[in-house]
Amino acid sequence: EANAVLVKAKAKAEAIQLLAAALAQQHGSAAASLSVAEQYVSAFSKLAKDSNTILLPANTGDVTNMVAQALGIYSTLTKPQPVKKEDERFSKAVLVIIDALRFEFAHFNPAKASPLPYENKLSFLHHLTTSQPRHARLYRFRADPPTATMQRIKGLTTGSLPTFIDVGSNFATYAIQEDNLLAQLVQNGRRVIFMGDDTWEGLFPKKFFRSYFFPSFNVKDLHTVDNGILQHLYPTVDSGEWDVLIAHFLGVDHCGHKHGPDHPEMAKKLTQMNEMLRLGEDVLSHLGCLGPDKVGADLLYPGGRSLVDHLRNDTLLLVAGDHGMTETGDHGGDSEKEVNAALFVYSKTPLFGSGPPEEPEAVPQVNLVPTVALLLGVPIPYSNIGEVMAELFSGDGDTLSAALQQLSVYHINAKQVDRFLRSYSLVAQDLPAEQLQRLQELFSSAVEEHTQLLIQVQGTTPVPPELESRLRNLIGRFQLYLREARAVCTQSWARFQPLRMVGGCTLIAASCLLCYVASELAAVSDSFYRSCLLYPLLWGLVGVFLLGLAHVFTQEGLDLLLVSSWAAAASQLGFFWHWWGRYPKRARLAGSQPPLASVGLRQRLRAWLGMAFPMGILLFRCGAMFSDSFVVAEARVAPFLLASLVMLLVGKLHWDGRLTVPEGPKQQLLGFSSYRREIWYLLCLVAVLLVCMRLSGFFHQCREEIQQCRPSLFLSPLASLRNTRAKNLFYLLCVALLAGLVYAVRSWLRHYGNLNSSDPLVLFVRWGFPLVVLCIACYWAVASSADDSLGKLQELVQVAVVAFPWAVYGLASVGLLLLLCNPMTVFAKDTRESAGSIVTPYLGVPSSEVDFLHVIPQIYKRMQESQKSRLEGTSTKATVAAYGLGSVYSAALVIALTLLGVSPSFSSSWRPSCCCTSTHVPEALLEMLFFYSTGHQPVFPAIHWNAAFVGFHLDHSTNLLPAVLVGANTFASHILFAVGCPLLLLWPFVCEMPGSQRKKPKKEPREELQELEEHMMEMRLRESPEKFSTALLQLGLKYLFVLGTQVWTEGGWLWRRLSKRKMGYCENDGAL
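So for the sequence shown, UniProt numbering puts the first residue at 1; every next one is plus one.
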């Protein structure tokens, strides 16, 4: 790009000189310089728009300095440090990348008599390092977090440091625009052949002389990529029509995701990689580990030779892991096991001047880029900040010649880094000036010393010992410069936009305040949400329109994020303006105060404590987000906070008299046993909840910061369990719990009068739910034994693994559609069918289900009469009479939650007529607890990528569907609790019991008896639909308030962490 800009600028300069011959040569150069500056600013403006960042050259207001700056930058860009032909040690290179090759997988420990499945399997690497110590060496290959595959590929080819922000594009690979090793190889006429992970196709389009890409996203597929590589690897090597060959194996990584490292399948995969490298004829007897799609022996080992035998003397072999893996087989964070990969270097000619050290040396991954570039004789990529591995340039010569060779490559490496830092500092101002000045002084002094030392060495034979000592000292100074330069870039390469961050936090805080104020006002004003909520919408539309006009007149690109932010700000401003101007001060104060003026001091104190304690828990949880220790231990904090609220619930029930048997006429009317039954029912619910909270700890995922944590056995897939008895026990337990859940839902629906019609939804609940359970149970069975099946049974299993999930998807979709079309699960009768009374007298005590069906209309007599009067007086539309026990609203929600896969159920005993914020606090804690209890953690390694392939055998053609599946799995707790949020309003009506009428003003015994007999449950909501909709609005607003408060504090914590470290990743924790 720099060359193209310069050519264009020179062409313009020549045109100016021809057209204006009267101008002097200096003026023509000035015109050319101005054109260069114009192209320079235009290029950075385009970069800023494409990358959505603020990136402008320095001194944009000073034309003279801008021209000088542009010419200076392009002069450095177009003059890369040349590489001498004698520095080229190899003409060919083979790079074998074994994805997720942790150092422990490659290191061989002869003292271990009983190694684990992942230990001592790559024995051939140990054989080469011990038998040929000057030809082979094993390194600890330190990866820079995040340890996602795409970010590691970028680091291995560019020599730069990606950040945690880049992990969002891990599965949406875009072409690498910056200079990289592959681009330098292609520009210098080298033929690069690739085979393996198709991620490289998106990162380096049209860069390969020949390529064999295989789908990489399906982590359940252990063999497709590896066997595809083995089919092409050896014929390609033998053909000789290549200069650089890259083979990216994925079987080890996928085996870790599917089974974990401590599994027999991992031993098979590592053995397969060892056999791919190993020398000898006996490898042909181990081809059974290749999996179901076995590769023929003639393709894998032509003539009985291994990969090492196929290499020539001028070929360099590199076997590397892009990252490691945790004990559960995951990666993406920055734990020691994730960043500790392996690198093996081998050549048939001597590489090292001495044998390997006792403890393998640790090498940063970015050091591979300048090393390979100089070994192959191509320029180092422009943005590289890695340090050359100088020991690879020792060769067969004596100590002095090896030192001179190392000094030469260090000098080239340092000049490249200095050129990059100079150009980068002119464009971006995020590198500290004092540190840049120190680096410049260190580099200048080292270069000056290098020039003097070379003159003295060339003129002196033999070289005196003091010169040799100065030579070693100078090498150390170049090393110091390169390492300090990398440290400065590491600490500074995270450019944030504080203004937008402040704006985002302000918008969230204003949204939380809006939700709270609107919920309080909705409780005292029936028409509030119709009038006051209309103005924010109008203000937001006006704001978007004006901002769009501004972009049109200024001819700038439309930033959707900025437009939506201004629209939100305008709508919030409209709401507060209308609220403040329409309602007087007294009304505003009355709307924000609870209705406690009419109660006594004791009752007011109880109500205040009932509100203050949950709000205190919420504030404590939000404040704890600013402590790293609480963030790491949040999975343990959530059950403690929730248990505290549960104990508060028990105390509140006792204060309200719900745990004591009252005396008086109600006991005589309803009996002593009904109160005892209600009390024991509530206490049993509390006990069950506490037990479930305690048991949920067995399903927590481990975080890399907690070293003493051990992965839970319950989180392991059934297919990875080696104990057949334990596998069968787990399977039967899971199926029993799933069947019990569906049976409980159906029993609950029947108990409250549902499922008594022949509508499609009722039929689906009766027969569709058991069918869903059957399909899930069959899928678990075939998925747990898919790897053990053989022959034609394997093909049948592969079909079943896809068919059963799709059957569940289809049944759930049909159920949700039926629920949306007609959510009624009770018998309904058109009121136009009979003009007379639909209630017939019945004498006697109901003793059977038929009798109860006759008694049901009696309960709704008053509702029928009021409904008929409204029909005759106000409307002629047909209405229906529903015959059920008042759970028609909650029944639809329960069915929806069951179809979506809900597991826990929480019954709130607070009165829903005023769903206060304290009701949502335990719900928020339950969301958090359910998130951790399903094996999730807010870290990248804990993402369940397997969810993207439930029902899909091959790779996806698009990232949309797997993103939906993984997102639904990750945020299942939040989705389910959001859908079930209206149950906070409906559930107490369903559970309407005599005890709920306690401690109300005394009434006449006849009125009291009539009220106790008429428990209309949810049908009470039909008598006042406006209050019902207002209550739902208030419920949703307060739910958003609690949720937004947590998001706001989490955003503040993230800002604090990033501003504290000013880095794109965290060194000691993966809390991001």
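We treat Cβ as the ideally placed atom computed from N, Cα and C, and that holds for glycine.
C-alpha of leucine 733 to C-alpha of threonine 970: approximately 24 angstroms in a straight line. DSSP, read as helix, strand or coil, puts asparagine 218 in coil. A residue is called buried once 16 or more other Cβ atoms fall within 10 Å of its Cβ, and arginine 190 is buried on that count. Nearest C-alpha to glycine 768 among Ser1029, Val457, Thr506, Val808: Val808. DSSP places lysine 92 inside the beta strand (DSSP E), whose first and last residues are 92-98. Ranked by Cα distance from glycine 476, the first of Pro465, Ala510, Ala635, Glu449 is Glu449. Burial of phenylalanine 420 is indicated by the presence of at least 16 other C-beta atoms within 10 angstroms of its C-beta. Here the alpha carbon of glycine 540 sits roughly 54 angstroms from the alpha carbon of isoleucine 193. 7 angstroms or more divides the Cβ of proline 264 from the Cβ of proline 465. Using a C-beta cut-off of 8 angstroms, the stretch 801-818 makes contact with the stretch 772-781, since at least three inter-stretch Cβ pairs fall below that distance. Annotation: glycine 240 to asparagine 227 spans about 21 angstroms, alpha carbon to alpha carbon. In the DSSP secondary-structure assignment, glycine 196 is bridged to Phe213, His248. Proline 364 has Arg142 as its beta-bridge partners, per DSSP. Glycine 251 is positioned such that its CB atom lies no closer than 7 angstroms to that of threonine 328. Counted as a single uninterrupted DSSP element, the stretch harbouring threonine 326 is not any alpha helix (DSSP H), since DSSP gives it neither H nor E.
The closest CA to that of cysteine 515, considering only Lys1038, Leu749, Tyr139, Phe620, is found on Lys1038.
Contact between leucine 439 and valine 488 holds, with the beta-carbon distance rounding to 7 angstroms and staying under 8 angstroms. As the crow flies, the alpha-carbon of glutamine 1046 is around 9 angstroms from that of methionine 625.
As a beta-bridge residue in DSSP terms, valine 345 pairs with Arg137, Leu318. In the structure shown, the three-state DSSP call for arginine 703 is coil. One alpha carbon belongs to alanine 783, the other to alanine 433, and they sit about 59 angstroms apart.
The stretch 348-357 makes contact with the stretch 128-147; the number of CB pairs closer than 8 angstroms reaches 3 or more. Counting along the chain, no alpha helix (DSSP H) covers histidine 263, and no H or E run does either.
Your pair glycine 503 and serine 565 checks out as a contact, with CB atoms roughly 6 angstroms apart and the cut at 8 angstroms. DSSP places cysteine 778 inside the alpha helix (DSSP H), whose first and last residues are 769-784.
In the structure shown, arginine 102 falls within a strand segment according to DSSP collapsed to helix, strand and coil. Burial is judged here by how many other beta carbons sit within 10 angstroms of a residue's own beta carbon; asparagine 180 has at least 16 and is buried.
A straight line joining the alpha-carbon of serine 160 with that of valine 366 spans about 7 angstroms. When secondary structure is reduced to three states using DSSP, asparagine 946 falls in the helix class. Taking C-alpha positions only, arginine 278 is separated from phenylalanine 124 by approximately 5 angstroms.
By the C-beta criterion, the stretch 918-929 is judged to be in contact with the stretch 634-651, since at least 3 inter-stretch pairs fall below 8 angstroms. Distance check between glutamate 119 and each of Met266, Gly202, Val745, Asp309 places Met266 closest, using alpha-carbon atoms only. About 7 angstroms separates the beta carbons of histidine 248 and aspartate 99, which is inside the 8 angstroms limit, making them a contact pair. In the three-state reduction of the DSSP assignment, asparagine 340 falls in the strand class. The alpha-carbon of phenylalanine 545 is positioned some 48 angstroms away from that of valine 765. Residue range 724-751 is occupied by the alpha helix (DSSP H) that includes tryptophan 748.
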